[in-house]
Every structure is written in structure tokens, then in C-alpha cells.
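Q:
Number of protein chains: 2
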Amino acid sequence: MASRPALEVENARRTLTDLCRPIRCELAEAERIFRHELRSQFAFVQQLVDHCGDYQGKRLRPALLLLAARACGSVTSAHPVLAAVVEMIHTATLVHDDILDESMVRRHAATVNAEWGTETAVLLGDYLFTHAFHLAASLDSTLACRWIGRATNRVCEGEMHQVHQRGNLDLDESSYFSIIEGKTAELTAVSCRLGAHYAGADEATTEALDRYGRNLGIAFQIADDVLDIWGEERLTGKSLGTDLEKQKLTLPVIRLLETADPATAANARRMLGEARAECRKQLIPLLEQSGTLDYSWQRARWHVKEAIDSLECLRESDSKHALRVLADYTVQRAS
Amino acid sequence: MASRPALEVENARRTLTDLCRPIRCELAEAERIFRHELRSQFAFVQQLVDHCGDYQGKRLRPALLLLAARACGSVTSAHPVLAAVVEMIHTATLVHDDILDESMVRRHAATVNAEWGTETAVLLGDYLFTHAFHLAASLDSTLACRWIGRATNRVCEGEMHQVHQRGNLDLDESSYFSIIEGKTAELTAVSCRLGAHYAGADEATTEALDRYGRNLGIAFQIADDVLDIWGEERLTGKSLGTDLEKQKLTLPVIRLLETADPATAANARRMLGEARAECRKQLIPLLEQSGTLDYSWQRARWHVKEAIDSLECLRESDSKHALRVLADYTVQRAS
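Taken in order, these protein sequences are the chains called A and B. Residue numbers for the first sequence follow this note's numbering, so the first one is 111 and each next one is one higher. Residue numbers for the second sequence follow this note's numbering, so the first one is 111 and each next one is one higher.
#1: Which residues, in order along the stretch 304 to 327 of chain B, keep a beta-carbon less than 7 angstroms from a beta-carbon of chain A?
#2: Strictly under 7 angstroms for the Cβ-Cβ distance: is A112(B) near chain A by that measure?
#3: Take R260(A) as the anchor and find which of G259(B), S248(B), A254(B) and H271(B) has the nearest alpha-carbon.
#4: Along the stretch 201 to 213 of chain A, what residues have a CB closer than 7 angstroms to any CB found in chain B?
#5: Span of the alpha helix (DSSP H) holding V185(B)?
#6: Figure out for me which residue from R180(B), E136(B) and R134(B) has the closest Cα to the Cα of L433(B).
#7: Sort T402(B), W407(B), E355(B) and P362(B) by Cα distance to L382(B) and report the nearest one.
#8: Please check the pair A311(B) and G183(B), which I expect to be a contact at CB under 8 angstroms, by giving their CB distance rounded to whole angstroms.
#9: Can you tell me the Cα-Cα spacing of L234(B) and L359(B), whole angstroms?
#10: Kindly list the residues whose CB is nearer than 6 angstroms to the CB of T402(A), restricted to its own chain and excluding five residues on each side of it in sequence; keep chain order.
#11: For the pair the stretch 155 to 162 of chain B and the stretch 419 to 430 of chain B, tell me if three or more CB-CB distances fall below 8 angstroms.
#12: Give the DSSP-derived three-state secondary structure of A193(A) in the structure shown.
#13: Could you name the residues of the same chain whose beta carbon sits closer than 8 angstroms to that of L281(B), not counting the 5 residues immediately before and after it, in chain order?
#14: Can you find a C-beta in chain B that's less than 7 angstroms from the C-beta of T98(A)?
#15: So, does the stretch 168 to 179 of chain A touch the stretch 294 to 311 of chain B, judging by three or more C-beta pairs under 8 angstroms?
#16: Let's see if you can read the secondary structure: which residues bound the alpha helix (DSSP H) around D447(A)?
#17: Given that a residue counts as buried once 16 or more other Cβ atoms are within 10 Å of its Cβ, and exposed if not, what is A188(A)?
#18: Starting from the beta carbon of S285(B), find every residue of chain A whose beta carbon is closer than 9 angstroms, and list them in chain order.
#19: Taking a contact to mean a Cβ-Cβ separation below 7 angstroms, would you say A417(A) touches V441(A) in this structure?
#20: If you run the structure through DSSP and keep just helix, strand and coil, what is A247(A)?
#21: From the DSSP secondary-structure annotation, give me the bridge partner or partners of V414(A).
#22: Kindly list the residues whose CB is nearer than 7 angstroms to the CB of R69(A), restricted to its own chain and excluding five residues on each side of it in sequence; keep chain order.
#23: Please confirm whether G259(B) has its beta-carbon closer than 7 angstroms to some beta-carbon of chain A.
#24: Here's the rule I'm using: 16 or more other beta-carbon atoms within 10 Å means buried, otherwise exposed. How should C146(B) be labelled?
#25: In its own chain, which residues sit with a C-beta less than 7 angstroms from the C-beta of V265(A), not counting the 5 before and 5 after it?
#26: Closer than 6 angstroms by C-beta to M111(A): which residues in its own chain qualify, once you throw out the five before and the five after it? Chain order, please.
#27: Kindly give me the distance between the Cβ atoms of H110(A) and R171(A), rounded to whole angstroms, as I take these residues to be in contact under 8 angstroms.
#28: If we count the other Cβ atoms within 10 Å of its Cβ and call it buried at 16 or more, is R303(A) buried or exposed?
#29: Taking only three categories from DSSP, how would you classify P115(B)?
#30: Measure from the alpha carbon of V195(B) to the alpha carbon of each residue in S301(B), Q331(B), S285(B) and D211(B), then state which is nearest.
#31: Have a look at the DSSP bridge pairing and note the partners of A220(B).
#32: From G277(B) to A375(B), what does the alpha carbon distance come to, in whole angstroms?
#33: Please report the residue range of the alpha helix (DSSP H) in which I364(B) lies.
#34: Is it the case that the Cβ atoms of P190(B) and A224(B) are separated by a distance below 7 angstroms?
#35: Kindly give me the distance between the Cβ atoms of T352(A) and D236(A), rounded to whole angstroms, as I take these residues to be in contact under 8 angstroms.
Have a look at this one:
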């Protein structure tokens, strides 16, 4: 599944573009606000901003926010601002994640740390974070700043927890889910929550959309972790295999260590402990034979179903349909 | 001046404590808010927060904010919150600066990057930044988030500009001042501005306090850069000599290169170009003989005077007196 042919990947991308057709004007406005907020008088800073502006590949979070708004009520002038804010926060975490992972490639281009060094990548991430909050503060109330503040606090906590657990070969599933809920699902959840609330949704509907975004985020991260092992850099457009190299345990590996017979588990632990690039290839057949790949997709699909079920409270519409297909897309995609 | 005896340093510290006596309750409240906002359910994150909570040595920015409030009107419940916010932003920049400078020691303790690695330091800085905005968003209006957002945007721009100019031996004074105004003076300026505005000061007074904080910040950074060359780690409690090692040109060196005779300037450029630790010692006699140390203190004192002159619009009070002495302290301190 992970090494699907380029044509299928292209089809999945096209589906995403089609789904976003009803919100294409708002997405374009969000893009304009994003670029306008980040412009700098310093040529060097502007060059960096332009570079990471191109990271906006799927624009998943802005799309979630705007589709949630349309599915719950109507899109207001606050929505493209908020869409730009969540994309800016996401871009900041990408720039800083690439330092943590020592990644060299992102969206088929050099990462900021690879091209300009760690220092610049640290500062550019900070620039993006602080601009996101500056932009969120241009709205009428402090609500968006508070919600986005709380979500990003949890993103950072999840990431710190993950760094601390690196090399811990006893990490269990529950800790794994707590980490990915923080580092990934908080931002997709708050995107949907903001979209719904600013469209005038009541509290129960806003909560339902939060649940949708949270489950979608969890499914998305499981898929990301699976693709880090089985994906192809050519298709995903980013450095892969970093989780195993960094001894960052993800669902397939946790499942293997928990369910394999003692000899296989000991063998897998030895491979992980060595932490060399070749280990990755040695571990892959073990993971495939033990059915952990299937298990991981099954868990991801369970969260997709939870996400889709959360939409029940909404009346049928093109946007609700798009949200359903988007949730499904997280486990169909190959990038 | 830079290698002043420990007794004098101790006296300067005591002066600062005395100056803060009228605001000691508010400083304690700010400290409580700071710790409360950052608490985490994850033991590892809490350990990091406790560690960098101890970085709060001088608490200069909270002191400026609270003294500005008292000098302009009265301290409200918003002020300790804002004082905690500016200290949190400052701490975030310290944690990230130590990555950039590869510093090992801060306030006589190991830096986060030295103790726990770059990844953790990047994430902890992000945690501090996002919590600062989350806390600022607990106030009634978006004003604090907007002002702090704008100031931190400029801090990051100043730092990125500095990183980009590293190794540029033709950096001129005007670029140096533009860098330090961004990276240091923006935060002291916004601290004073917030203190004044939230105490009910009119626009002209708020602007005057911004000017005070900006000039104080510039003087403070010149002093910091001088101490990086002539200070003693024992007294400053942090790694020194990093500017020269990183080919980061500061005022004394810029002045030397601009005013020395061609042979001396060429010699100095050669030493800087080598970028080895020993170069530092070779360059120091050159800097001393050329009078650039005196020149730098003179420029710092000019900004102290500008800062003090900005306070003219305020009626006499203990707090106004304290602000005057604080400005003077930036060029008296040895840490």
C-alpha cells in the first residue's frame, strides 16, 4: 500500500484539489494573508519566508478549517485569517521538526537547516510562530489566540515527550497515542474547532468538529509513521527512515515488540539498538511478516471512522461530503 | 571597567534589588503566574521548566514593566500577567540563543542544549513562546498579543539579520545598531510601553516610555557585547567570547576596523578571519590600544542619557527615580 504507483498518488492529489474547489477563493485569500503577514524589509529574511512558503503543499489545515466553517454555517472574513494562522503554526513546526530529525529534504526542496544551518532554522521557526500569534491577535477577541496558544502548548509538550522517549524500546501504545495526539492531532482539532466556532456553530457542534479533527490527525500521523518506513522519498518528497534512525518508536515497531515471539522481539531490539541506517532494511521484513503494517492501517482506519461519525450532527452538504472524503484521504495518501 | 572586582558587582546587584523593593509583591506575583502557566503533566517537561525558571536572574524586563506602570499611574491585575509574559518571551530567546551560540553555561548552570541537546532546547523555547502568547491572551483585549507579537517578530528578524551578517567584516555601525535594536531593544521597549499603557498613560507618555525602554535596551546590549570580550565568566555566569568565535562583529570590533590604520586593520581582519579561540586574546590588546572600549562605553552612556531624558514628562516619584537608576545600571553592571 505504501509503495503505490505514482498514478494513484496523483489521483489522490487530484481528489484533494477537487474537494477544495468550493473553498478555493478563501484558500487563495489565506495564502495572500500568509505572505503579507510574513513579508520582511530584510532581503535574507524574505528569501527564507519565500522558501518555506513553498512548503504549503496540501494545505490540509486551512482546508479543514474552511470546510468545517462551510459545513457548520458560513465563511466570514475571520476564516481566511485563521486559515493563514494555522498554516503558519504548522510551517513553524515543520521548520523546527526538520532540525530535530536532521532532515535534508522537504517538499522536494532543501530544508532550511540543510540550506542555511540550524541557527537560521531555529530563528525562522520563531519568526513563523510569533507572526502566527500576531496575526491571530488582529481578530476581534482573544479567543483564537487562547485556543491556538493552548493547542501549540500541547504540540510542544507532545514533541518534548517524544524526544525524551527516544531510545525507550519499552514505549507502549498508550504513550505513542498520547504523543501523536499532542504533536499532530491538536492542530487539526483546533483548526476544525475554530472553523466551526467562527461560523456560528453551537458548543456541541464545535466539540464534534474538534473530535473530527482530532481523530483525523491521529489517523494522519499513523499513516505518516507507516510511510516513514515503507514510503518512497520520490513520492513523499521528504526524507524518510528518520524514525528508525532516531530510535523513535512508532506503531508498527511498538506492535512488533509487543506481539512477536521472544526470539524475534530480541532480534528486533538488537537491530533498533544498533541505530545504523542498514538496520532499517533488516527490520522491514520482520515488520511485514508479523502483520504490523496491516495492524497499523487498521488502527488508522478506526480513527477515520470515528472522525466521520463525529460529523453526524451536521446536515448533508458538499462541505460535509468533502470532510468525509478528506478523512478517508489520510489513509489513502502516499505523501 | 569590565573586569571590576566582585564587591562592586555585588553592590550593583544589591542596588537592583533595592530599586525593585516598591514592586516586590508584583514581582512575586509575576513569578507565581510564570510557574503556574508553564506547569506540565509530563515530568520531563516540568524538569525543563524548573531548570529555565532559574534563568530569571535580574528580572529586568518585569521590573521595567512594573516600574513603568507605577511611574505612569497605578499597577493593575494585568501588570503581573504582562510581567510574566515578557519574562517568558525573554527566557524563550535565551534558550534559543544558547543553541545559536553553542553556549554551555547560563546563570552558573548548564544550558538546556548542553544538558539535554539541541532538539529539547528548540522545543522548550517553542513551549515558552507559545505559553507567553497563551498567557497574554488571558487578558481582556488582543492589544497585548498584538504588541508582543510585533516586538517578537522584530526580535527574530534582528537575530536572523545578525546570523546572516556573521563573518561579514565590513558590517558598519548603522547595521549593528539596527540588529541590536531588533534583538534586544524591542523587548525592553514593549515592556515599558505595556507597563505605561495598562496603567492608563496617554499616548504621548506611552511613546516616551517606549523610547526609554528602547534606549535602555540598546545601552544594555552594547554593555553585553563589551562584556563578551572583557568580562569574566565567573562574574557574568555565562559563556563569554562567543561573539568573536562566531565572527559576530560588535561595536568595539567594528570601530577598530573602521578607524585603525590600514596595517592594524588588516592585522585585525586576519585574526578575525582565522576564527580560532586564541585569536580572541590576540585581538584584545589591539582593541584596548585603539580606544574602542572607551568609545563603546561612551556610545552606551549616550543611550542611557537618551533613556533618562525620555522620562521628563513624568512627575517625580520613587518609581521614576528607580527607572533613572536602572538605566544607569545597564552600563555599571558586570553581568
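All C-beta atoms in this analysis are idealised placements derived from N, C-alpha and C, irrespective of residue type, glycine included.
A: The short version:
#1: none
#2: Confidence is the limiting factor: at A112(B) the pLDDT is only 39, short of 50, which leaves the residue's position unreliable, though a coordinate-based value still follows. Closer than 7 angstroms: no.
#3: S248(B)
#4: H206, I209 and L210
#5: Taken as a continuous stretch (DSSP letters only), V185(B) belongs to no alpha helix (DSSP H), as it is neither H nor E.
#6: R180(B)
#7: E355(B)
#8: 6 angstroms
#9: 28 angstroms
#10: P362, R365 and L366
#11: no
#12: helix
#13: Q275, L359 and I364
#14: Examination of residue 98(A) is not possible in this model, given that chain A is present from 111 through 445 alone.
#15: no
#16: With chain A covering 111 to 445 only, the question about residue 447(A) has no answer from this structure.
#17: buried
#18: The premise fails here: S285(B) is roughly 10 angstroms from chain A at the closest Cβ pair, so nothing lies under 9 angstroms.
#19: no
#20: coil
#21: V414(A) is not bridged to any residue.
#22: Here chain A covers residues 111 to 445 and nothing more, so residue 69(A) does not appear.
#23: yes
#24: Looking at the sequence shown, residue 146(B) is not Cys but His. Counting Cβ neighbours within 10 Å, H146(B) comes out exposed, since fewer than 16 surround it.
#25: T203, G292, K293, E296 and L297
#26: For M111(A), the predicted structure reports a pLDDT of 37, less than 50, and the residue's modelled location is therefore unreliable. The matter cannot be settled from this model.
#27: One cannot answer for residue 110(A) here, as it falls past the ends of chain A, which runs 111 to 445.
#28: buried
#29: The predicted model places P115(B) with a pLDDT of 47, which falls under 50 and marks its position as unreliable, so this point remains unresolved.
#30: S301(B)
#31: V215(B)
#32: 15 angstroms
#33: L361 to T369
#34: no
#35: Contact doesn't hold; Cβ gap of about 23 angstroms is too wide.
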